[in-house]
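Residue 583 in the working numbering sits at position 574 of the sequence shown; the count goes up by one each step and never skips.
Each residue gets a CB set at the ideal place from its N, CA and C atoms; glycine is no exception.
Nothing here was measured: the structure is a model prediction, and the numbers come from that model.
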Amino acid sequence: FQAVSMKLMIFLLLLLAVALPAYSTGSLFVRPVNSNQTHAAMSIVSYDAQAVITDHVATTKVLQVFKNELNQRVESTLVFPLPPGAMITEMAYVFNGRRYVASVQERQSAQAKYDDKVRRLIDPALLKEIGDNIFQLNIAPIEPLSEVIVDITYVEVLPYALGVVSYTHFTKTASASPRALRRVSITADVTSTKRIVSIVPSRPGSQAVEVNHRSDTRKIVTFGDENILPDRNFRIDITHENAALDMVVLTYTPEESDSMGSEGFFGSFVTLPDEGVATLPRSIVVVADVSSSMTPQRMDHLRSALHSFLDGLAPNDRFNIVSFSTGVVSMKPDLVPVNEQTIQDAREFIESRVAMGLTNISEALRKTLLMTFHEGTSKSIVFLTDGAPSWGIVDNAAIMDSTRSWNTSQARIFPIAIGNEPSDALLRGIATATGGFLTRIDADDSIPSLMAFHLRRISMPLLEQARISYGGLQTRDVFPTTLPTISAGERILQLGRFTNAGTHTVSLAATLNGISTQRNVEIPFGDRNTQTLAVARLWAQAKVQALLDEIARVGEVDELVKEIIRLSIQFNILTKYTALYADPDEDTGSPTGIHRPDERPIEVVAIRCSPNPATSHVRLSVQLPERVFGERVVVQLLDIVGRVVGVLYDDVTTGREFALDVDLTSFSMDLTPGMYVVYVKTPKGSTSQTLFIQ
Numbered sequence: 010f011q012a013v014s015m016k017l018m019i020f021l022l023l024l025l026a027v028a029l030p031a032y033s034t035g036s037l038f039v040r041p042v043n044s045n046q047t048h049a050a051m052s053i054v055s056y057d058a059q060a061v062i063t064d065h066v067a068t069t070k071v072l073q074v075f076k077n078e079l080n081q082r083v084e085s086t087l088v089f090p091l092p093p094g095a096m097i098t099e100m101a102y103v104f105n106g107r108r109y110v111a112s113v114q115e116r117q118s119a120q121a122k123y124d125d126k127v128r129r130l131i132d133p134a135l136l137k138e139i140g141d142n143i144f145q146l147n148i149a150p151i152e153p154l155s156e157v158i159v160d161i162t163y164v165e166v167l168p169y170a171l172g173v174v175s176y177t178h179f180t181k182t183a184s185a186s187p188r189a190l191r192r193v194s195i196t197a198d199v200t201s202t203k204r205i206v207s208i209v210p211s212r213p214g215s216q217a218v219e220v221n222h223r224s225d226t227r228k229i230v231t232f233g234d235e236n237i238l239p240d241r242n243f244r245i246d247i248t249h250e251n252a253a254l255d256m257v258v259l260t261y262t263p264e265e266s267d268s269m270g271s272e273g274f275f276g277s278f279v280t281l282p283d284e285g286v287a288t289l290p291r292s293i294v295v296v297a298d299v300s301s302s303m304t305p306q307r308m309d310h311l312r313s314a315l316h317s318f319l320d321g322l323a324p325n326d327r328f329n330i331v332s333f334s335t336g337v338v339s340m341k342p343d344l345v346p347v348n349e350q351t352i353q354d355a356r357e358f359i360e361s362r363v364a365m366g367l368t369n370i371s372e373a374l375r376k377t378l379l380m381t382f383h384e385g386t387s388k389s390i391v392f393l394t395d396g397a398p399s400w401g402i403v404d405n406a407a408i409m410d411s412t413r414s415w416n417t418s419q420a421r422i423f424p425i426a427i428g429n430e431p432s433d434a435l436l437r438g439i440a441t442a443t444g445g446f447l448t449r450i451d452a453d454d455s456i457p458s459l460m461a462f463h464l465r466r467i468s469m470p471l472l473e474q475a476r477i478s479y480g481g482l483q484t485r486d487v488f489p490t491t492l493p494t495i496s497a498g499e500r501i502l503q504l505g506r507f508t509n510a511g512t513h514t515v516s517l518a519a520t521l522n523g524i525s526t527q528r529n530v531e532i533p534f535g536d537r538n539t540q541t542l543a544v545a546r547l548w549a550q551a552k553v554q555a556l557l558d559e560i561a562r563v564g565e566v567d568e569l570v571k572e573i574i575r576l577s578i579q580f581n582i583l584t585k586y587t588a589l590y591a592d593p594d595e596d597t598g599s600p601t602g603i604h605r606p607d608e609r610p611i612e613v614v615a616i617r618c619s620p621n622p623a624t625s626h627v628r629l630s631v632q633l634p635e636r637v638f639g640e641r642v643v644v645q646l647l648d649i650v651g652r653v654v655g656v657l658y659d660d661v662t663t664g665r666e667f668a669l670d671v672d673l674t675s676f677s678m679d680l681t682p683g684m685y686v687v688y689v690k691t692p693k694g695s696t697s698q699t700l701f702i703q
């Protein structure tokens, strides 16, 4: 669960213009429209999610039902986190029997439209990012004692370490509901091009979790419970067979309806084995924050972690320990060899640390990076902090620039952010610039186990001077152009576009432990049976990030901002310059088949699914306006990423309504429990309805 920094929390409070002492991400609040009354918590009725995980990429669709329990019209504000790097690709909500899919629009324009609609009491919805991959969704007004349905789809590259791909779903955010949820369900359909060695959900042994082993390369994980408030996030750790240097390439060729152009997309994932490889001697410094924000309990855990660090050192390692608050104190002036005396000195240094003072991150980095990191070793710095800079250099950009200039030894920095305060932007930037990675933890008791995990990772041999070539494939806009140095158990991702589909040889050349190595893979680029739409969004995200990096270097040049907005709209992804906006006035809604008793049916295509959720059978009732009589009607069942699971009807119809009894067990491919979409298409219009299959 990604927590909010204090700076961001203050920003949220100002944004909401109300004091909320217990405010946190995942919170849902309502108050009467156009009022300054105190926000009240809004109940979440149900929470259902379905994920499709393909190798290292996941697409997740979340459907939530909220209840306005006040006897008056309200505006709702939902603030929720997503995993780092995750992209929202669709948002929709149901109002007055119609489902409205939001469009990506320029942020200020969308905000102005939303504010205008709220003043006139028309139901718009606005979704925007407010920092550190935390999002705010506003919907107003919501009628008294009524429910609102919101569904959000997002795409992410999953974290990977030591051969394990980890999928985390932030179910803990639903605990913000003042009442228990009637239902919480999560389904993950996990497939891989490699054999899945193991798959471990975060609640092993629970009767609410089931792992269905479909094949060596496909597993289905389901979690479901009733009348609960989730007290922790749901996680799945997936271990793939990975005995050697390997490469997986995912592709996507856009269709005309995608509006993404005609060129294809690819994503190349390079992984190294984490077992059976010789480890390197280490030059390693642990830098620990001992400012006054470190509580006594947190200091105890920190001391335990540092003692564990000493226990994990090998005889040929060199090490040092640095503590910092307002000032910086190191155990020794420079790195020292591991022996009985230096270990004893280190233990005495650890026990003498006391929490007090401010947070001088810049000086801690400077003093550490000026130490001697020996050649032929794994040069690493583990940097633990629970706060943002408050002394010395406090500007993030200045700290980043200084870190680059001080790091003449090319040491890799691995920040560990403890609790709510540290800045993701600063620590992730330092990690990325030096070839390390950022780890965030909420629980203090995670620090010792994380330390052992880091020691293992940073002692692995390095894959250096990596290059990927694509044979006769014509490529452009490849990110990154220069591949990073990684250690065994880590991963490289390269994204790009291609023009000439067909089977091409993808080659990886690099040095591992100083020895040249090469891997060749035959990839069918443009094969529609193996493609993944998420790759297109990931490429667009990489392109946007390159433009944001350029903005950080030269400032907000109008041309760069406009290009980010264009890409955001074209690929339907949310960025800092855009928002997702849905508006009933724009007549973009499609019927859901759900109407209030006092409503008259709208003269458009409509569909009802009963029962919903369904198990083995479902009855579909399709209503048609007169203008489509005699026209061809197609009814399809789609999965959450838009793939056609089956065609349920394809014929000309002359009646106003017809029904389909569908046997869900008769499909050629197994239907896993979760969310699907029944899609009705006619020459004069279309509609869709979410169908849950249990």
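Backbone secondary structure at K228 - three-state DSSP: strand
C-beta contact flag for F278 and V257 at 9 Å: yes
Expected contact under 8 Å - CB spacing of V642 and T691 to nearest Å: 5 Å
Unbroken beta strand (DSSP E) run spanning E473, endpoints: Per DSSP, E473 belongs to the beta strand (DSSP E) from L471 to S478.
Of the residues S211, E384, T441 and T508, the one placed nearest I293, counting alpha carbons only: E384
Alpha helix (DSSP H) segment containing H65, residue limits: Careful: H65 lies outside any alpha helix (DSSP H) and carries neither H nor E.
Alpha carbon of R449 to alpha carbon of V61, nearest angstrom: 25 Å
E219 to P342 span [Cα, whole Å]: In this structure, the CA atom of E219 is about 54 Å from the CA atom of P342.
Residue(s) in a DSSP beta bridge with E235: R192
Same chain, Cβ closer than 7 Å to T377, five either side skipped, listed in chain order: V294, V296, V331 and I390
Contacts around S697, its chain only, beta-carbon distance under 6 Å, and the 5 residues preceding and following it disregarded: V686 and Y688
Separation of S301 from V712, as counted between CA atoms: This structure cannot speak to residue 712, because the chain is shown only from 10 to 703.
Through-space distance from G639 to E152, alpha-carbon basis: 39 Å
Beta carbon of M96 nearer than 9 Å to that of L146: no
Cβ pair V614, E666 closer than 9 Å: For the 9 Å CB-CB criterion, V614 and E666 do not form a contact.
Buried/exposed call for L154, threshold 16 Cβ in 10 Å: By the neighbour-count rule (16 or more Cβ atoms within 10 Å), L154 is not buried but exposed.
Counted within 10 angstroms of its Cβ, other Cβ atoms place N369 as buried (16 or more) or exposed: buried
Cross-strand partners of N619 (DSSP beta bridge): Residue 619 is actually Ser in this sequence, not Asn. Answer is R628, bridged to S619.
Inter-residue Cα distance where the pair is Y261 and A555: 21 Å
Close-in-space but distant-in-sequence residues of the same chain around Q81 (CB under 7 Å, 5 per side omitted): P41 and P153
Buried versus exposed, by CB contacts within 10 Å (16 or more), R485: Under a 10 Å Cβ-count criterion, R485 is classified as exposed, with fewer than 16 other Cβ atoms of the shown protein chains found around its own Cβ.
Opening and closing residue of the beta strand (DSSP E) in which N329 lies: R327 to F333
Beta carbon of K700 nearer than 9 Å to that of P634: Before going on, a small fix: residue 700 reads as Leu here, not Lys. Taking a C-beta distance under 9 Å as the contact criterion, L700 and P634 do not qualify as a contact pair.
Contact set for R191: own chain, Cβ-Cβ below 7 Å, skip 5 residues either direction: V54, S55, E235 and N236
Backbone secondary structure at Q698 - three-state DSSP: strand
For L374 and G321, the rounded distance between their alpha carbons: 23 Å
Own chain, CB closer than 6 Å to V71, minus 5 neighbours either side, in chain order: A58 and I161
Stretch pair the segment 394 to 405 + the segment 349 to 364: three plus CB contacts closer than 8 Å: Using a C-beta cut-off of 8 Å, the segment 394 to 405 makes no contact with the segment 349 to 364, since fewer than three inter-stretch Cβ pairs fall below that distance.
CB contact flag (L471, T494, <9 Å): yes
Where M303 sits in the DSSP three-state scheme: coil
Inter-residue CB distance, Y102 and V164 (contact presumed, cutoff 8 Å): The pair is not a contact, with the Cβ atoms about 20 Å apart (cut-off 8 Å).
Pick from T681, F232, S268 and S175 that is closest to L542, judged by C-alpha positions: S268
Own chain residues within Cβ distance below 8 Å of A561, not counting five before or after: Closer than 8 Å at the Cβ level, and outside the excluded window around A561, lie A406.
Closest residue to D567 among K388, Y586 and F580 (Cα-Cα distance): Y586
Range covered by the beta strand (DSSP E) that runs through R413: Bounds of any beta strand (DSSP E) do not take in R413; it lies within the alpha helix (DSSP H) bounded by N405 to W415.
Exposure label - S363; buried when at least 16 CB within 10 Å: Position check: residue 363 holds Val in this sequence, whereas Ser was assumed. V363 comes out exposed.
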